Structures are given as structure tokens and as C-alpha cells.
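Numbering (my numbering), first residue to last: 631 to 810.
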């Protein structure tokens, strides 16, 4: 399946280049990333990264590591394939987004992340802070005038109290999720 993915990627690159050359191209700035595959087998992962790196793409992603594998396997795979990822192109870890995973992946050379977790957590009044996880529906925040995270200077933490954000959640105000 890794070889099939490379064959698809080769066809995608040819079509991507054809579309970018058209005069009426609808998205001339669209990028094409190669996605590293190979499950948790280091030999397949390394071979696959070497193959897709030869295609000179806009960026390179490590896929298939956000579906229940232990984080130690994820870190092992990132460390194994990183030496074969072009240094001058963005490196993207797909579907990973806990604060600890991001820090570990950055230390291993990853640049970009995407994950549903921040939005999902915010929908349920959960936020990450430097002090740990916080559930903003807890009654203890009802009159708490401190910011979400006292160690943070983002606009939310600078401008809004825990009590205000909790009130927004209780009132079912969409702004609460946005701020979190």
C-alpha cells in the first residue's frame, strides 16, 4: 500500500503541475504535500519517505499516527523519518495536537500540525493551560476574576476572566468556544 500511495502521489504531482500551468487556474497558490506512510514499520516508513522526498514537493507530511498508536511509536517514527525529509520544506504531522505531542514533535523537526482536539475541547469548555487542563464549567470559576492562564498573554487571557468565560458557556454563547 505504501508503493501504491507513491504511485498515486506521482500522478497527483503531474496533475497538480498541469493545473497550475493553466491560465484559468482557480487556485494557483495551492500546495502539494507528500504523505509518509508505512504503519509502525520503520523500514517501510524510511523507504517511503526517501521515495516521496525525491518528488520535490511543496512539503512533506507524516500520516497515520493519530489513530491509536502509543505516543512512543509516534516519536520513534518521527525520529526515524526526519533525517530523510527535505530540510528546506515544511514538515507536517497530521492529526496530532496535544501540547505534549506538539513539543516532542517540534523537538524532532516537525513544523506544522492539525488536530480537531482544540476545537472539540473548546466546545466542551475544556482548555489547556500551563497549569494543566481546566474545565470552565466548574462552579469554582463562577466568580474567579483571574485570566484563563495567568502565565499566558494571548488576547483571551489578557482581556477575559475565568468567570466571564464560564458565564458565556452557561449562557450557551458561541463566543465562549471561540475564546477557548
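Where a beta carbon is used, it is the ideal one built from N, C-alpha and C, also for glycine. This structure is a prediction, so every number in the text was calculated from the model and none was measured.
- Measuring C-alpha to C-alpha distances from residue 668 to each of 769, 631, 701 and 727 identifies 631 as the nearest.
- Spanning the alpha carbons of residue 732 and residue 695 requires a straight line of approximately 13 Å.
- Looking at the DSSP output, residue 759 bridges to 762.
- As DSSP reads the structure, residue 777 sits in a beta bridge with 791.
- Residue 711 and residue 742 have their C-alpha atoms spaced approximately 15 Å apart.
- Ranked by Cα distance from residue 734, the options 674, 639, 759 and 704 are led by 704.
- Rounded to the nearest whole angstrom, the CA to CA distance from residue 790 to residue 782 is 12 Å.
- Counting every other CB atom within 10 Å of its CB across the protein chains shown gives residue 671 a total below 16, marking it as exposed.
- Cβ contact annotation for residue 766 (same chain, cutoff 6 Å, sequence separation greater than five): 755, 795, 796 and 799, in chain order.
- In this structure, DSSP gives residue 771 a helical state, which the three-state scheme calls helix.
- Pairing residue 683 with residue 714 gives a Cβ-Cβ distance under 9 Å.
- Excluding five sequence positions before and after residue 655, the CB atoms of its chain that fall closer than 7 Å to its own CB belong to 649, given in chain order.
- Less than 9 Å divides the Cβ of residue 687 from the Cβ of residue 719.
- Where residue 639 is concerned, there is no enclosing beta strand (DSSP E), although the alpha helix (DSSP H) around it starts and stops at 632 to 651.
- Non-local beta-carbon contacts of residue 758 in its own chain, meaning distances under 7 Å to residues more than five positions away in sequence, involve 729 in chain order.
- Annotation for residue 655: no beta strand (DSSP E) segment contains it, and DSSP assigns it neither H nor E.
- Distance from the CA atom of residue 739 to the CA atom of residue 677, rounded to whole angstroms, is 19 Å.
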